[in-house]
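Since the structure comes first, as structure tokens, the remarks are kept for the end.
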Amino acid sequence: MNFKKDFLIENIKNKSFYIFKDFYEKPNLVLETIINHGAQKHKNDEPNSLNGVKFLDLRHDIDLKEYHGVLNYFSNFTKRPVQSNFKSNIQKFFDKNFNNYKDNFWWPHFDEGWTAIIYLNEKNLLNIYESDDTSYLDNEFEHHTPWKKRDNFKLIKQFDVPFNTAILFPAHKFLHGLGLEDDTYSSKLRINQAIFLN
């Protein structure tokens, strides 16, 4: 899978976010990969999961040799091992009353290391936050109480990310999550590829 290696850098709190525009040479092939391989419900073992009821949250985690070059590139770039193989994030929001994005943010969280996200929709937002209280990450289940009051977070950056753009950032340092400001993903799937580097 051919991809570009030139990037822009944006600094937030003295940490670099690397932005790769027009990342894949043929991004529609990546979308076909996602559509043609069955995805699984994310964290489907959580008790009282609302995944598939109020919203849909799916993932791929499969070994596809054609993506090894991309994974190895980001591994070498960050000098960190790739956590797993081809991964995706696929979301859709069904219940408009439950999915109250006007008053809430969707599950702000940290990852275990660096993360690269390749966005495969025309309209994408990545939120970067600060908060004095992230105790919910240890005490609650993501798919039981995914929405968190906006008042409890300071939005320090909202990236407006074009189709086929990759963002690589230290996701263990920054509270982050998908940005949702309208009903776009009530009628269509939100799709991206995620690469996790420990």
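One point on numbering: in our numbering, the residue at position 48 of the sequence shown is 65, and numbering is uninterrupted.
Glycine residues also receive a C-beta, built at the ideal position from the N, C-alpha and C atoms.
Owing to the predicted nature of the structure, the values given are computational and were not obtained by experimental measurement.
If we call anything under 7 Å between Cβ atoms a contact, is residue i one with residue j?
i	j	result
K71	F115	yes
T182	Y136	yes
I102	D80	The question names Ile, yet the displayed sequence has Asn at residue 102. Closer than 7 Å, so yes.
G194	W123	yes
L75	I29	no
Q100	N215	yes
Y35	F24	yes
N141	I208	no
L73	K113	no
I134	I184	yes
W131	P187	yes
I212	F91	yes
L206	Y118	no
So residue i is in the alpha helix (DSSP H); what residue range does that whole segment cover?
i	result
V299	This structure cannot settle anything about residue 299, because the visible part of the chain is limited to 18 through 215.
S92	H85 to T95
Y202	T201 to S204
Could you give the first and the last residue of the continuous beta strand (DSSP E) run that contains residue i?
i	result
E27	L25 to I29
E147	N141 to E147
Y136	W131 to Y136
S105	F103 to F110
W124	Looking at the DSSP string, W124 is not in any beta strand (DSSP E), and its letter there is neither H nor E.
Q100	Unbroken run through Q100: none, as it is neither H nor E.
F213	R207 to L214
Let me confirm a value: residue i is counted as buried when at least 16 other C-beta atoms fall within 10 Å, else exposed. Which label applies?
i	result
L192	buried
T95	buried
H189	exposed
S105	buried
F170	buried
G55	exposed
F37	buried
I26	exposed
P98	exposed
S204	exposed
N93	exposed
L143	buried
H161	exposed
Please confirm if residue i has its CB atom under 7 Å from at least one CB of chain D.
i	result
I26	Absence of chain D from the displayed structure is noted, only one protein chain being present.
Practice prompt. May I ask you to verify whether the region 152 to 166 touches the region 75 to 86, counting CB pairs closer than 8 Å and requiring at least 3?
Written response: no
Worksheet item: Which whole runs of the alpha helix (DSSP H) in the region 151 to 193 are 4 residues long or more, in chain order?
Response: 153 to 156
Practice prompt. Flag this pair as touching only if the region 167 to 187 and the region 48 to 66 have three or more C-beta atom pairs under 8 Å; answer yes or no.
Written response: no
Practice prompt. With a floor of 4 residues, list each alpha helix (DSSP H) that falls wholly inside the region 37 to 84, ordered by position along the chain.
Written response: 44 to 53
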